[in-house]
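Some notes on the structure that comes next.
Given below as structure tokens:
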């Protein structure tokens with residue numbers, strides 16, 4: 004029996020369904036594209052205060068979903084939240100001065116001598132107390148006035164929060180206050196770390212209430228500084244930490260969610276039904292990914308009916324189903340759904356028909372998709388860690404894996420660390436590599452800690468493709484560096 008193969012219509016479905024920009028920037032996603040991986044259920048439950056995920060893993064996505072009543076209704080029963088759950092934003096990527104102070108306001112408050120603890124408590128109190136707060140507090144117009152009032156009225160604040168919690172308990176509902184994008188709360192690591200430490204300490208204190216909870220979304224590196232957890236009982240916070248991890252089968256299930264719910268989704272749904280006999284069902288107008296389509300072997304069949312079975316002329320080059328996520332992972336083998344969807348979408352966008360092609364996507368399209376995803380990761384790294392590009396761009400003349408001494412030689416010869424220090428000192432955000440004081444050995448450690456580099460046997464360094472390609476660094480037999488193309492450097 005001949006295996007089913009999708010026709011070219013599926014390529015158009017991919018282009019239309021997958022977003023050009025998967026970063027929501029604080030706006031709630033469309034209901035039909037909200038997919039809840041089993042691994043994320045625990046992270047979103049109200050009792051878990053600390054949620055950790057790499058860039059693009061879904062921190063801001065879930066921050067937005069939890070605030071949106073319609074989205075919350077879809078996933079609420081799975082994560083222990085009822086329809087009446089109250090959710091507030093304590094901090095986020097987009098400035099929302101009525102909900103929380105932005106970076107400049109926080110800096111001004113600190114300059115005026117306000118303690119970090121009282122700044123966070125003011126934000127939390129304003130959301131939790133709402134109309135139960137005194138009228139003289141509600142009349143205050145600036146965060147400085149509100150913070151000063153809270154500091155001077157500690158006993159009243161405690162009583163009001165206690166009564167708010169009792170009211171929530173009597174009604175059987177939770178009130179969550181969400182914090183995201185905390186790396187944007189200050190311009191230097193020292194202040195950022197202090198802000199995060201105080202927030203986590205308050206999150207732990209808030210846990211004594213029955214229905215009020217904080218949920219803090221952070222990247223792994225934000226938790227690595229020792230001072231972040233240098234407070235009593237911090238182990239209780241760390242023990243509640245949950246990760247936004249994306250196993251391979253969940254990445255593909257997310258892709259199926261997009262394709263099946265697109266405007267032309269019947270192309271994908273009918274194709275999979277013909278292939279494996281799966282029955283699609285809707286819930287409140289949304290097509291739900293059947294359990295059979297979460298199975299590794301069935302996912303492989305579906306993807307290969309779109310891409311073909313190999314990443315070259317034969318099996319020696321690998322198989323698209325495993326090759327794609329393997330080339331998008333960092334040194335911890337973590338793949339962000341943002342990179343994954345971007346790679347698939349770009350593969351469909353750049354497609355051109357080839358003489359030997361029998362499937363809608365060619366393996367060369369997939370390789371170009373990885374190049375595009377890598378360039379996106381490089382852009383994200385520049386936003387989060389401006390210093391990384393100063394260290395990796397000079398390495399475009401070498402290929403990995405390579406001896407550590409080759410990298411150190413490039414940095415020393417080009418005076419890379421000296422130039423980096425000077426440029427960062429002149430920048431608005433003065434964020435240097437945490438271990439730059441230790442020289443090349445220190446910044447190597449920083450890059451390894453971020454998942455950009457990996458020390459392998461023989462005292463050598465390797466760089467995963469998701470970063471290597473975008474920074475223009477070579478690898479024998481690997482995906483060609485996208486940054487080596489004209490106009491990309």
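Residue numbers (our numbering): 4 to 492.
Each residue gets a CB set at the ideal place from its N, CA and C atoms; glycine is no exception.
Closer than 8 Å to chain B by CB, residue i
| i | result |
| --- | --- |
| residue 480 | Among the protein chains of the structure shown there is no chain B, as only one such chain exists. |
Cβ separation of residue i and residue j, assumed to be a contact under 8 Å, to the nearest whole Å
| i | j | result |
| --- | --- | --- |
| residue 271 | residue 16 | 6 Å |
| residue 55 | residue 236 | The Cβ separation is near 19 Å, so there is no contact. |
| residue 172 | residue 213 | 5 Å |
| residue 462 | residue 406 | 6 Å |
| residue 278 | residue 309 | Contact doesn't hold; Cβ gap of about 11 Å is too wide. |
| residue 261 | residue 20 | 5 Å |
| residue 433 | residue 439 | Their Cβ separation, rounded to whole angstroms, is 12 Å, which puts residue 433 and residue 439 out of contact at 8 Å. |
| residue 66 | residue 93 | 10 Å between Cβ atoms; not a contact. |
Assigned secondary structure, residue i (DSSP; H/G/I helix, E/B strand, else coil)
| i | result |
| --- | --- |
| residue 121 | helix |
| residue 245 | strand |
| residue 92 | strand |
| residue 137 | coil |
| residue 283 | coil |
| residue 97 | coil |
| residue 110 | helix |
| residue 389 | helix |
| residue 1 | Beyond the ends of the chain as shown, which are 4 and 492, falls residue 1; an answer cannot be given. |
| residue 339 | coil |
| residue 176 | coil |
| residue 410 | helix |
| residue 492 | Caution applies to residue 492, whose pLDDT of 34 falls short of 50 and renders its modelled position unreliable; the value that the coordinates give is listed next. Coil, per DSSP. |
| residue 464 | strand |
| residue 487 | With a pLDDT of only 41 at residue 487, under the threshold of 50, the placement of this residue in the model should not be trusted; the figure read from the coordinates follows. Residue 487: helix per DSSP, three-state reduction. |
| residue 451 | helix |
| residue 218 | strand |
| residue 143 | coil |
| residue 257 | helix |
| residue 477 | strand |
Between the CA atoms of residue j and residue i - distance to the nearest angstrom
| i | j | result |
| --- | --- | --- |
| residue 63 | residue 183 | 7 Å |
| residue 488 | residue 58 | Its pLDDT being 39, under 50, residue 488 is placed unreliably in this model, and the value from its coordinates should be taken loosely. So the two alpha carbons sit approximately 26 Å from each other. |
| residue 444 | residue 404 | 17 Å |
| residue 331 | residue 321 | 15 Å |
| residue 154 | residue 121 | 7 Å |
| residue 493 | residue 280 | The structure shown does not extend to residue 493, since the chain spans only 4 to 492, so no value can be given for it. |
| residue 186 | residue 143 | 28 Å |
| residue 414 | residue 224 | 24 Å |
| residue 490 | residue 33 | Reliability fails at residue 490, whose pLDDT of 35 lies under 50, so the model's placement of it is uncertain and no value is given. |
| residue 136 | residue 159 | 9 Å |
| residue 218 | residue 323 | 37 Å |
| residue 86 | residue 178 | 12 Å |
| residue 446 | residue 126 | 36 Å |
| residue 124 | residue 52 | 16 Å |
| residue 533 | residue 385 | With the chain covering only 4 through 492, there is no way to say anything about residue 533. |
| residue 222 | residue 97 | 18 Å |
| residue 364 | residue 326 | 14 Å |
| residue 397 | residue 424 | 15 Å |
| residue 336 | residue 329 | 7 Å |
| residue 361 | residue 74 | 39 Å |
| residue 198 | residue 191 | 11 Å |
| residue 194 | residue 112 | 12 Å |
The ligand ADP heavy atom lying under 7 Å from the CB of residue i
| i | result |
| --- | --- |
| residue 108 | In the structure on display, the ligand ADP does not appear, and there are no ligands present to speak of. |
Residue i classed as buried or exposed, judged by whether at least 16 other C-beta atoms fall within 10 angstroms
| i | result |
| --- | --- |
| residue 253 | buried |
| residue 287 | exposed |
| residue 242 | exposed |
| residue 412 | exposed |
| residue 416 | exposed |
| residue 11 | exposed |
| residue 201 | buried |
| residue 468 | buried |
| residue 492 | The predicted position of residue 492 is uncertain, since its pLDDT is 34 and thus under 50; a value taken from the coordinates is nonetheless stated next. Under this definition residue 492 is an exposed residue. |
| residue 470 | buried |
| residue 422 | exposed |
| residue 2 | The chain is shown only over 4 to 492; residue 2 falls outside these bounds and no answer can be derived. |
| residue 239 | exposed |
| residue 301 | buried |
| residue 220 | buried |
| residue 315 | exposed |
Pick from the options that is closest to residue i, judged by C-alpha positions
| i | options | result |
| --- | --- | --- |
| residue 22 | 477, 450, 426 and 352 | 352 |
| residue 109 | 208, 95, 189 and 427 | 189 |
| residue 115 | 101, 93, 151 and 123 | 151 |
| residue 442 | 394, 204 and 176 | 394 |
| residue 383 | 306, 278, 341 and 313 | 341 |
| residue 464 | 334, 362, 101 and 480 | 334 |
| residue 453 | 262, 436 and 440 | 436 |
| residue 457 | 410, 77, 20 and 60 | 410 |
| residue 401 | 476, 448, 338 and 347 | 476 |
| residue 117 | 100, 149 and 371 | 149 |
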